[in-house]
Every structure is written in C-alpha cells, then in structure tokens.
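Here the sequence shown stands for residues 8 to 329, numbered as in my numbering.
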Amino acid sequence: MTTPSLPSQPPRLPAGGFTARRLISIDDLSDAEIAYSLDLAEYYAGFLNRSEPAPQRLAGRTQINLFFEDSTRTNLSFDLAGKKLGADVVNVPVSASSIHKGESLVDTAQTLAAMGADIMIVRAKEEGLHERLDKLLSCVVVNGGAGALEHPTQALLDAATIRSQFGRIEGLTVAICGDVKHSRVAGSDARLFTRLGATVRFVGPAGLMPDNDQFTDIERCKNLKDGLKGADIVMGLRMQFERMESGGKDAAQGYFEAFGLTHETMKLASPGAFVMHPGPMNRGVEIDSALADDPERSLILRQVFYGAATRMACLDALVGAP
C-alpha cells in the first residue's frame with residue numbers, strides 16, 4: 008500500500024520520558040505520551056512501507072500474547088510487531104491450555120509471567136481482569152481488548168490512520184456508527200479522539216447506544232442524516248452479537264436499510280469523507296462491500312497496516328531498550 012511520506016528518524020521522547028508502565032486504558036497515557044506514540048507509529052510505518060528491518064528494540068525481551076477471546080487482526084499484529092522488534096514472542100494456545108482443566112485466568116497469567124515475561128498482551132471478556140493482573144504481575148500488562156470497555160491500541164491505530172490521511176485529528180468530525188453499546192472500540196476511540204480535539208458523535212438506534220450516564224458529553228444521533236452531517240470520518244462498528252442479550256441478532260433486522268454505510272449514505276457526510284471499520288466486518292449488515300473495498304473512500308486496509316506499526320510503537324515505548 009502507499010502512504011504519505013513517513014519519517015526516517017525516531018521522535019524525541021516526551022520531557023521526563025515515557026513513564027507509563029501499563030496500557031489498560033487510553034487514560035493510562037498522558038497527552039505527551041499519546042503524541043509520542045503516534046509519532047513513533049509513523050516512524051515504524053516507514054520501515055513497514057519500505058520493507059526494511061526495524062531496529063531490534065525488544066531484543067532479549069519476552070512477549071506473551073494471552074488471548075482468551077478469538078482474534079485475528081489484534082493477535083497477529085501484536086505477534087508481527089514483537090517479532091519485527093526482535094522480541095521472543097510466545098502465543099499461548101488457550102484452547103489447549105490448563106484453563107480447560109479448571110485453572111483460573113489469573114493463575115494462568117501468573118504462571119506465564121513467572122516464566123520470565125517482560126510484557127503480556129491480554130484479551131478477555133472479563134472486565135476488570137487487566138487491572139487485577141497489573142497489580143499481581145511484575146511484567147507490563149497491555150489490554151488487547153476488554154469486554155465492552157476499552158481497546159486502547161485499536162484507538163491509537165485508528166488515530167494514526169486518520170492522521171496519516173488528514174495530517175491532524177484536531178478539528179475533524181468523527182461519526183461512530185452502529186453497535187456503540189457493546190463496542191470496546193467505540194469507547195476507546197471516543198475517549199482518544201475527544202482528547203485529540205475531534206468532535207465525536209454516536210450514530211445508531213437507541214437500543215445500541217450506551218447507557219445515559221455514559222459518554223454524556225458526546226452527541227447521539229438516531230439517524231444517518233443527522234449523524235453523518237459534516238463528518239470527515241465515518242467509523243462503522245461490527246454488530247457484537249456475541250455480547251447481546253438473548254435474541255440479539257434481531258437487532259440486525261432492518262439495520263442495513265436504516266443505518267447501512269454505502270456510497271449513497273456517505274453523501275450525507277462531508278465531501279471527500281472516508282469510511283473506517285475496526286473489523287471484522289459484517290458485509291451487508293453494517294457496511295456495503297462496494298464501499299468497504301473502494302480505495303478512494305475506504306481507509307480500512309490502512310487501519311490494518313497501521314495496526315502493526317502502532318503496536319510496534321506501543322511495545323517499544325513500554326519495554327523497549329533504554
């Protein structure tokens with residue numbers, strides 16, 4: 008893929024250094040650390056774009072990917088990111104682990120950490136697990152996805168993708184559309200984009216919106232006409248059927264007709280607006296294939312590209328060589 012000109016020199020560390028020693032929430036990072044992480048992601052994107060070997064900043068470090076939930080993009084991009092930086096990467100086959108013999112998630116993580124982990128990427132349905140592990144483990148804990156709460160590295164890669172196209176995030180309008188209620192991506196994106204100076208809207212049916220006491224500062228729109236007006240980025244979300252109550256798939260009935268993202272509905276957004284989606288996509292449910300695959304309007308594959316670069320940046324910032 009082609010991307011804008013990318014830096015060949017690493018960015019300067021923030022004044023006082025990069026002090027975060029976990030990445031469970033986007034709020035674990037200061038504004039300066041967020042800016043540094045995005046600059047570092049652009050730096051590593053240059054190596055990927057040029058097919059050049061990256062500095063072995065994690066040589067001698069051990070990275071464990073512990074995914075208690077199925078994942079393709081996040082798991083593989085963390086695996087690739089660690090290996091590109093020279094780490095010893097261990098992907099734990101949870102389907103064949105002692106969890107199926109009754110071992111708790113915490114015991115499994117503690118056992119693995121005791122083998123000499125420097126950093127552990129954990130993905131789980133259980134909310135609050137990452138905070139517990141952060142208190143118990145001596146290694147750095149990174150949230151690879153937590154219930155319906157947060158997915159901080161996805162938010163960072165989404166921000167890096169937007170910045171690669173627009174050169175900024177401040178002043179842009181981002182419409183996050185679909186199953187906001189069950190989406191950890193929506194939560195982290197909304198927190199990060201707002202901090203970076205964007206206007207964020209949630210767009211979708213009332214039943215798929217967060218509770219009224221959550222995200223009280225973000226506008227909610229019940230139709231695409233209002234929600235996409237003036238939007239520079241339209242972020243589609245996957246229907247999280249596995250997190251919905253019994254009969255949740257009924258939410259898909261008529262959804263595409265009312266909220267489906269197509270070339271036609273994108274006309275409601277700003278001229279030249281782009282569509283994004285964290286994947287995996289339910290084609291024909293939340294987004295039309297023609298739009299998703301249109302290189303002139305879609306940044307979805309660029310999100311995948313920046314997934315590896317951004318996670319390289321996060322790994323380096325958290326445990327890279329001094």
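For every residue, glycine included, the Cβ atom is placed at its ideal position computed from N, Cα and C. None of these values were measured; they are calculated from a predicted model.
Please work out which residues of its chain come closer than 6 angstroms, Cβ to Cβ, to residue i, disregarding the five sequence neighbours upstream and downstream, and give them in chain order.
i: threonine 9; result: Because threonine 9 carries a pLDDT of 49, less than 50, the predicted location of this residue cannot be relied on, and no value is offered for it.
i: threonine 272; result: Leu231
i: aspartate 233; result: none
i: threonine 69; result: Asp95, Gly123, Ala124 and Asp125
i: leucine 36; result: Ala27
Would you list the one or two residues that DSSP bridges to residue i?
i: serine 305; result: Val282
i: isoleucine 294; result: Leu268 and Arg290
i: isoleucine 240; result: Val181 and Phe281
i: leucine 30; result: Val149
Around the Cβ of residue i, are there at least 16 other Cβ atoms within 10 angstroms (buried) or fewer (exposed)?
i: alanine 213; result: exposed
i: asparagine 289; result: buried
i: methionine 242; result: buried
i: glutamate 226; result: exposed
i: glutamine 247; result: buried
i: alanine 155; result: buried
i: histidine 189; result: buried
i: methionine 15; result: Residue 15 is actually serine in this sequence, not methionine. When all chains shown are included, serine 15 counts as exposed.
i: leucine 322; result: buried
i: aspartate 295; result: buried
i: alanine 316; result: buried
i: glycine 185; result: buried
i: serine 12; result: exposed
i: glutamate 49; result: buried
i: arginine 19; result: exposed
i: arginine 245; result: buried
i: arginine 175; result: exposed
i: alanine 276; result: buried
i: alanine 61; result: buried
For residue i and residue j, which I take to be in contact (beta-carbon distance under 8 angstroms), what is that distance rounded to the nearest angstrom?
i: arginine 198; j: aspartate 34; result: 7 angstroms
i: leucine 144; j: alanine 182; result: Contact flag wrong, Cβ pair sits at about 38 angstroms.
i: leucine 325; j: alanine 166; result: Rounded, the Cβ-Cβ distance is 17 angstroms, inconsistent with contact.
i: proline 21; j: alanine 39; result: 4 angstroms
i: leucine 65; j: glycine 327; result: 6 angstroms
i: isoleucine 307; j: alanine 297; result: Isoleucine 307 to alanine 297, Cβ: 13 angstroms. No contact.
i: proline 217; j: valine 192; result: With 8 angstroms as the limit, proline 217 and valine 192 do not qualify as a contact, their Cβ atoms being about 13 angstroms apart.
i: valine 282; j: phenylalanine 263; result: Valine 282 to phenylalanine 263, Cβ: 14 angstroms. No contact.
i: alanine 320; j: leucine 119; result: About 24 angstroms separates the two Cβ atoms, so there is no contact after all.
i: threonine 168; j: arginine 309; result: 5 angstroms
i: phenylalanine 173; j: glycine 211; result: Not quite, the Cβ-Cβ distance comes to about 24 angstroms (not below 8 angstroms), so this is no contact.
i: glutamine 63; j: glycine 93; result: 3 angstroms
Sorted by chain position, which residues of the same chain lie with C-beta nearer than 7 angstroms to residue i's C-beta, five sequence neighbours on each side aside?
i: arginine 80; result: Gly286, Val311 and Gly314
i: serine 195; result: Ile33, Glu157, His158, Pro159, Gln161 and Ala162
i: arginine 318; result: Ser84, Phe85, Ala88 and Thr160
i: phenylalanine 25; result: Glu40, Tyr43 and Ala324
i: glutamate 76; result: Arg130, Ala131, Lys132 and Gly152
i: glycine 279; result: none
i: threonine 201; result: Val207
i: glutamine 117; result: Leu143 and Leu144
i: glycine 53; result: Leu13, Pro14 and Ser15
i: arginine 170; result: Leu45 and Ile176
i: valine 99; result: Ile71, Asn72, Leu73 and Leu119
In chain order, what residues of the same chain lie with their CB nearer than 8 angstroms to the CB of residue i, ignoring the 5 residues before and after it?
i: glycine 151; result: Asn72, Phe74, Ser78, Thr81, Asn82, Phe85, Ile128, Val129, Arg130, His158 and Thr160
i: leucine 136; result: Leu112, Val113, Val129 and Ala153
i: histidine 177; result: Per the sequence presented here, residue 177 reads as glutamate, with histidine not at that position. The answer, listed in chain order, is Leu203, Gly204 and Ala205.
i: aspartate 141; result: Arg29, Ile31 and Val148
i: proline 208; result: Strictly speaking, residue 208 in this sequence is arginine, with proline absent from that position. Closer than 8 angstroms at Cβ, skipping near neighbours: Thr180, Val181, Ala182, Ile183, Ile225, Glu226, Arg227, Cys228, Gly234 and Ala238.
i: histidine 270; result: Asp295, Ala297, Leu298, Asp301 and Arg304
i: lysine 90; result: Val96
Confirm the yes/no value for this check: CB of residue i, any heavy atom of the ligand FMN, distance under 7 angstroms.
i: alanine 280; result: With respect to small molecules bound, the structure shown includes none, and the ligand FMN cannot be examined in it.
Can you find a CB in chain D that lies within less than 8 angstroms of the CB of residue i?
i: methionine 216; result: This model lacks chain D altogether, as it is built from one protein chain only.
Which ranges does the beta strand (DSSP E) cover as unbroken runs of at least 3 residues, wholly within the region 143 to 230, from first to last along the chain? List check, beta strand (DSSP E) in window: 147 to 153, 180 to 184, 206 to 210 and 226 to 228.
Report the residue ranges of all alpha helix (DSSP H) runs contained in full by the region 54 to 134; include only those spanning at least 4 residues, in chain order. Runs of the alpha helix (DSSP H) inside the region 54 to 134: 80 to 91 and 112 to 120.
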